[in-house]
Each structure stands twice: as structure tokens, then as C-alpha cells.
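A.B. asks: Residue numbers (the numbering used here): 130 to 515. Before we start, here is the structure in question, set down as C-alpha cells.
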Amino acid sequence: MVSRVERGRLADWWYTVDKHLLVASLSLIFIGIVLSLAASPPVAERIGIADPYHFVKNQGVYCVPAIAILFGMSFLDPKTIRRVSMLIFVVCIVLLVAVLFIGPEVKGARRWLSIAGVSVQPSEFIKPAFAVISGFLFAEGMRHREVPGRLLSAGMLVLVAGLFILQPDFGQTILVSVTWASLLFLAGMSWFWILGLLGIGVLGGFAAYEMADHVRSRIERFLNPDSGDNYQVEQALNAIVGGGWLGRGPGEGIVKRILPDSHTDYIFAVAAEEYGIILCIGLVAIYAFIVMRGLGHAVRENDSYIRLASSALVVLVGVQSCINIAVSLHLMPSKGMTLPFISYGGSSLISAAMTMGMLLALTRKRPDQTRFVAPFDGRSILTPAE
């Protein structure tokens with residue numbers, strides 16, 4: 130055990146970090162490995178990979194840097210988190226530009242780069258950095274009226290969303306836009322401007338519908354299933370219904386053998402079919418706990434930067450998980466969005482770990498909130514700061 134009297138960095142971290150959020154994050158990583166073991170072997174067999182556990186092994190390898198980043202980020206102070214986020218943001222902007230020119234085209238989109246033989250998706254890494262920096266800019270605008278924080282953050286949104294659209298990746302565009310809009314609301318923007326920006330978002334969606342064939346196709350298939358191929362969504366729904374409360378049992382699922390994206394976009398359907406609705410409710414409960422716990426910290430926070438940045442990170446995790454689950458349940462058009470910590474993919478897993486590591490760092494107890502007091506009887510207790 131770590132002594133309360135010891136004032137080393139590890140001891141300070143242990144007694145200031147939110148252990149409930151930490152356990153929730155590690156639980157999702159573990160569940161992701163289990164579900165990868167259930168969903169990915171048939172995918173490897175279908176695409177001709179000799180080792181049926183190829184994706185499982187890769188996911189296990191990705192977990193090592195993910196867990197290291199999760200813990201490493203949680204040790205940082207809020208100022209360092211902001212500086213690291215700025216560095217990540219600048220690097221990712223360069224990589225997003227490079228993707229448009231040298232990234233391989235997959236299913237009509239350019240989203241990946243091969244760096245030292247490893248496929249990297251820059252759009253995944255820029256999201257938590259964007260959330261933190263936007264929160265900081267909004268906070269600076271609130272503290273210093275002469276600082277155009279909202280304007281600068283809006284410029285960042287236009288830059289990031291523009292690069293996403295050029296890939297094209299409308300799912301990530303929606304995600305960062307919703308995250309930014311939540312900050313706008315939390316920062317106290319009037320309803321007039323919020324509704325005006327909502328109108329701009331609707332016009333943008335209409336433009337995407339008119340100009341992008343794949344967007345129009347997905348929306349039309351969602352509104353009218355008979356208008357096109359809804360094979361993956363229909364099979365996912367059948368798997369969820371067929372799994373019942375307790376599931377068919379580990380390894381007994383069918384949907385993973387017929388869906389191309391069963392280990393990524395539709396892994397929630399695999400979980401429902403093999404382990405039942407009970408597990409799915411548990412997954413939703415963990416995500417809901419992270420959102421509510423994170424927002425609870427934000428409500429009690431006095432520092433506007435930490436309050437807004439942590440809120441943005443929470444919204445990022447919550448909205449992304451909602452989109453993935455809603456697509457599997459056919460509650461919204463297909464978006465190609467991964468389920469944080471659960472879906473297969475190194476970029477997605479490490480990005481989720483980065484997001485939660487930043488959230489853990491920002492929500493740690495600090496001297497302005499709590500302090501260690503050593504009474505005369507030799508014991509050390511944690512008491513509210515005066």
C-alpha cells in the first residue's frame with residue numbers, strides 16, 4: 130500500500146485520481162479483449178488470414194500502449210495536458226493534410242497513413258486534443274473579454290471539420306461538431322446563437338445529402354429500408370433480438386460469421402447475440418457512469434478551463450458510444466463509428482485511452498480543492514480546503 134504520509138508523485142496520484150473512472154476504463158479495455166476474441170476469428174478466416182486470432186493478438190498488443198497512455202496522461206497536471214494537446218493537435222493537422230495526398234483509398238475514403246509499417250488514423254487522435262484546446266479557448270474568452278476564444282475555437286472547428294469532410298468522414302465531423310456545440314452551450318452562449326448554429330448544421334447536413342452519394346444512400350436506406358441494401362443493419366438487429374437476455378453463449382453467435390464489420394462497427398451486435406442484453410445493459414451502464422461521473426466533477430470545478438475541457442472529453446466519449454450503439458439498433462443511419470475501447474483498432478483504442486487519461490488528469494483533486502492535514506495524533510486525513 131502507498132503511505133498517506135509519503136509525498137511522492139505516485140502517492141499523490143493514488144490519493145487524487147478518480148479510481149472509479151480508472152476502473153471503468155480498465156473494465157472496458159478488458160471487455161474489448163473478450164469481445165474481440167468472440168468477434169474477430171471468423172473475420173480473419175473470411176478474409177484469408179492464416180492465424181484466426183490475428184486480430185485478437187493485435188488488439189492485445191494495442192492494449193499495452195493504450196494502458197501506458199491512460200496511466201501516463203493521468204499523472205499530468207492541467208497545464209501540461211493543455212500543452213500536450215496543442216502538440217498533438219498540430220501534428221495531427223499535418224497528418225490529416227498528408228492523408229489527403231498519400232493515404233491509401235479504402236472504400237472511397239482516405240483516412241489512414243502507414244507510419245513505420247503501422248496503420249494510423251490521425252482523425253482519432255485529434256479528437257481529444259481538439260476537445261481540450263477548445264475548452265481552454267472558451268475559458269480564456271470567458272476570463273478575458275479581449276481574447277476571441279470563441280472565434281478561435283470556431284476557426285479550429287472549421288479547420289478540423291473541413292479536413293474530415295475532404296477524406297470524407299462525416300461521422301467524425303458530426304462528433305467534433307457536437308462536442309464543440311456542447312462547449313458553446315456550457316460557456317453560456319445565448320439560445321439565439323445556438324439555434325442559429327443549429328440551423329447552419331442542418332444546412333450542412335442537407336448539403337452533404339445533396340452532394341455526397343454515400344451520405345444520401347445511407348439516409349435513404351435508414352428512412353426507407355426497401356430503397357437499398359440494409360444487410361448489415363438487418364443482420365445486426367436479428368442478432369440482438371436472437372441473443373435474448375442471456376445470449377446464445379460464447380462462440381455460438383452467427384452474425385460474426387456473415388458481417389464484414391462485426392469486429393468494429395457492429396461489435397455491439399456480437400456482444401448482444403453471444404452474451405445477451407444483460408451484457409449490453411452493463412456496457413451502456415459503464416458508459417453512462419463515465420459520463421455522469423465526469424460531468425459531476427465538472428459541475429464542482431471552479432476553474433473554467435478544467436470544467437469545460439473535462440465536459441468536452443466526457444461528451445466525446447458519450448456521443449461516440451451513443452452513435453455506435455444507435456447504428457447497431459437502427460436508430461440512426463450508418464456512420465462507421467467505433468465503440469470506444471471495445472471495437473477493434475489500434476488508433477481507436479489508443480485515442481479512447483488518451484481521452485480518458487486526459488479526463489483522469491483534469492478531474493484529479495488539487496490543492497485548491499483539498500489538502501492533506503497531519504493532526505497531532507500522527508494520522509493524515511483529507512479535509513476540505515478552507
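Glycine residues also receive a C-beta, built at the ideal position from the N, C-alpha and C atoms. The model shown is predicted, which means the values in this text are computed figures rather than measured ones.
Hey, Arg-350 and Asn-359 are a contact pair by Cβ (cut 8 Å); roughly how many whole angstroms apart?
C.D. replies: Yes, Arg-350 and Asn-359 are in contact; Cβ-Cβ is about 5 Å, under 8 Å.
A.B. asks: Which partner residues of Ile-244 appear in the DSSP bridge assignment?
C.D. replies: Beta-bridge pairing links Ile-244 to Val-247.
A.B. asks: According to the neighbour-count rule (16 or more other Cβ atoms, all chains shown, within 10 Å of its Cβ), is Ile-419 buried or exposed?
C.D. replies: It counts as buried.
A.B. asks: Thinking just about the alpha-carbon of each residue, which of His-459, Arg-495 and Val-446 is nearest to the one in Leu-478?
C.D. replies: Nearest of His-459, Arg-495 and Val-446 to Leu-478, Cα basis: Val-446.
A.B. asks: Which value, in whole angstroms, describes the spacing of the CA atoms of Arg-537 and Ala-227?
C.D. replies: Nothing can be reported for residue 537, as the shown portion of the chain is limited to 130 through 515.
A.B. asks: To the nearest angstrom, how far is it from the Cα of Gly-161 to the Cα of Tyr-191?
C.D. replies: Distance between the alpha carbons of Gly-161 and Tyr-191: 11 Å.
A.B. asks: Check the C-beta distance from Val-305 over to Val-289 and give it rounded, since I have them as a contact under 8 Å.
C.D. replies: Sure, about 6 Å apart at Cβ, within 8 Å.
A.B. asks: Among Ser-391, Gly-201, Trp-374 and Gly-373, whose alpha-carbon lies nearest the alpha-carbon of Leu-166?
C.D. replies: The shortest C-alpha separation from Leu-166 is found at Ser-391.
A.B. asks: Take the Cβ of Gly-264 as the centre, count every other Cβ of all protein chains shown within 10 Å, and call the residue buried at 16 or more, exposed below.
C.D. replies: Buried is the call here.
A.B. asks: Just to confirm, is the Cβ distance from Phe-293 to Ser-252 under 8 Å?
C.D. replies: Going by C-beta atoms, Phe-293 is nearer than 8 Å to Ser-252.
A.B. asks: Does the beta-carbon of Trp-320 have 16 or more other beta-carbons within 10 angstroms, so that it is buried, or is it exposed?
C.D. replies: Looking at its Cβ environment, which holds fewer than 16 other Cβ atoms inside 10 Å, Trp-320 is exposed.
A.B. asks: Starting from His-426, trace the alpha helix (DSSP H) both ways and give me its first and last residue.
C.D. replies: Per DSSP, His-426 belongs to the alpha helix (DSSP H) from 396-429.
A.B. asks: How about the region 148-157 and the region 367-384: do they share at least three Cβ pairs that are nearer than 8 Å?
C.D. replies: No, they do not touch.
A.B. asks: Would Ser-439 pass as a contact of Leu-491 if the rule is Cβ separation under 8 Å?
C.D. replies: A contact, by the Cβ cut-off of 8 Å.
A.B. asks: Name the residue from Arg-436, Ala-197, Phe-204 and Ser-282 whose alpha carbon lies nearest to the alpha carbon of Phe-218.
C.D. replies: Checked all of Arg-436, Ala-197, Phe-204 and Ser-282; the closest Cα to Phe-218 is Ser-282.
A.B. asks: Among Ala-316, Val-362, Asp-342 and Asp-180, which has the Cα closest to the Cα of Glu-269?
C.D. replies: It is Ala-316 whose Cα lies nearest to the Cα of Glu-269.
A.B. asks: At what residue ranges does the region 359-392 contain a whole run of the alpha helix (DSSP H), taking only runs of 4 or more?
C.D. replies: Segments of the alpha helix (DSSP H) lying fully in the region 359-392: 360-372.
A.B. asks: For Ala-336, is the classification buried or exposed, using 16 other Cβ atoms within 10 angstroms of its Cβ as the cut-off for buried?
C.D. replies: With fewer than 16 other Cβ atoms within 10 Å, it is exposed.
A.B. asks: Given that a residue counts as buried once 16 or more other Cβ atoms are within 10 Å of its Cβ, and exposed if not, what is His-426?
C.D. replies: Its Cβ being crowded by 16 or more others within 10 Å, His-426 is buried.
A.B. asks: Express the C-alpha separation of Arg-377 and Phe-267 in angstroms, rounding to a whole number.
C.D. replies: Each residue's Cα considered, the two are about 49 Å apart.
A.B. asks: Using the three-state DSSP reduction, which class does Ala-260 fall into: helix, strand or coil?
C.D. replies: Three-state result, Ala-260: helix.
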